[in-house]
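K.L.:
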Amino acid sequence: MTVRIAVEGDDAALLAIERSAWDAASGFPSYQDTLKDSFFERSGPEAHLVAEYDGALVGYLRLQDKYPFPEGAGVLTINGLAVAQEARRLGVASALLDAATAEGHRRGARKISLHVHSTNTPARTLYERHGYVLEGTHPNEFLIDGTYISALDMAKML
Ligand SMILES: CC(C)(COP(=O)(O)OP(=O)(O)OC[C@H]1O[C@@H](n2cnc3c(N)ncnc32)[C@H](O)[C@@H]1OP(=O)(O)O)[C@@H](O)C(=O)NCCC(=O)NCCS
1 MTVRIAVEGD DAALLAIERS AWDAASGFPS YQDTLKDSFF ERSGPEAHLV AEYDGALVGY
61 LRLQDKYPFP EGAGVLTING LAVAQEARRL GVASALLDAA TAEGHRRGAR KISLHVHSTN
121 TPARTLYERH GYVLEGTHPN EFLIDGTYIS ALDMAKML
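First residue of the sequence shown: 1, per the UniProt record's numbering; consecutive thereafter.
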């Protein structure tokens with residue numbers, strides 16, 4: 001497995017992952033309707049770490065500054081992490097998180113934060129294994145498929 005920064009040519013493969021990786025426990029069903037023809041519409045290739053397994057692109061992690069102002073400098077945020085269904089439980093997300101930690105150190109960041117649905121047990125387990133701890137809970141934050149779910153803030157100090 002290799003992890004690298006994304007390039008424009010990864011667009012179609014990433015769009016395919018984005019269309020199939022999320023469900024009601026991990027994401028927002030309404031989000032699928034907002035997807036454009038380009039994965040990079042929201043943010044460019046440079047904001048993404050991507051993983052290749054056996055020559056195929058199988059996952060991404062979007063890593064960005066959390067705040068646009070200097071007082072918040074040094075806090076990064078994971079604004080998306082997804083692995084193709086057929087490549088799960090192979091360590092792809094773990095490799096992406098390790099690469100994000102390394103990238104955080106390279107940038108001199110002090111912390112990486114993220115949001116995760118309370119219902120997303122796979123992701124919560126993954127993050128805990130990588131040293132992310134719960135920083136806050138937003139009870140009944142979203143109504144998804146008729147059920148209120150909580151949003152969790154997790155973070156890892158670098
Ligand atoms: C969550 C997700 C990114 C995990 O990707 P992955 O490449 O399968 O994860 P890894 O293989 O690196 O798993 C590492 C560890 O995380 C935990 N984990 C991963 N998937 C899990 C699952 N389905 N159930 C329980 N624990 C899980 C395990 O501890 C696992 O180690 P193990 O396989 O040795 O038991 C993937 O399931 C996914 O894309 N889900 C949909 C999108 C999503 O939820 N993104 C995160 C939003 S905050």
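From the three backbone atoms N, C-alpha and C, an ideal C-beta is built for every residue, glycine too.
#1: According to DSSP, S113 sits in a beta bridge with which residue or residues?
#2: Have a look at H105 and L158 and give me their C-alpha separation to the nearest angstrom.
#3: Within the continuous beta strand (DSSP E) that includes D65, where are the two ends?
#4: Express the C-alpha separation of M154 and R107 in angstroms, rounding to a whole number.
#5: For A56, tell me which candidate among D10, F69, Q64, K156 has the shortest Cα-Cα distance.
#6: Using a Cβ-Cβ cut-off of 7 Å (strictly less than) and excluding sequence neighbours within five positions of A93, which residues of its own chain qualify?
#7: Do the stretch 14-25 and the stretch 61-75 meet, that is, are 3 or more Cβ pairs less than 8 Å apart?
#8: Could you tell me the boundaries of the alpha helix (DSSP H) in which H105 lies?
#9: Is the Cβ-Cβ distance between A151 and M1 less than 9 Å?
P.N.:
If we stick to the structure as given:
#1: T77, A155
#2: 7 Å
#3: 56-65
#4: 20 Å
#5: D10
#6: G59, L81, V83, L126
#7: no
#8: 92-106
#9: no
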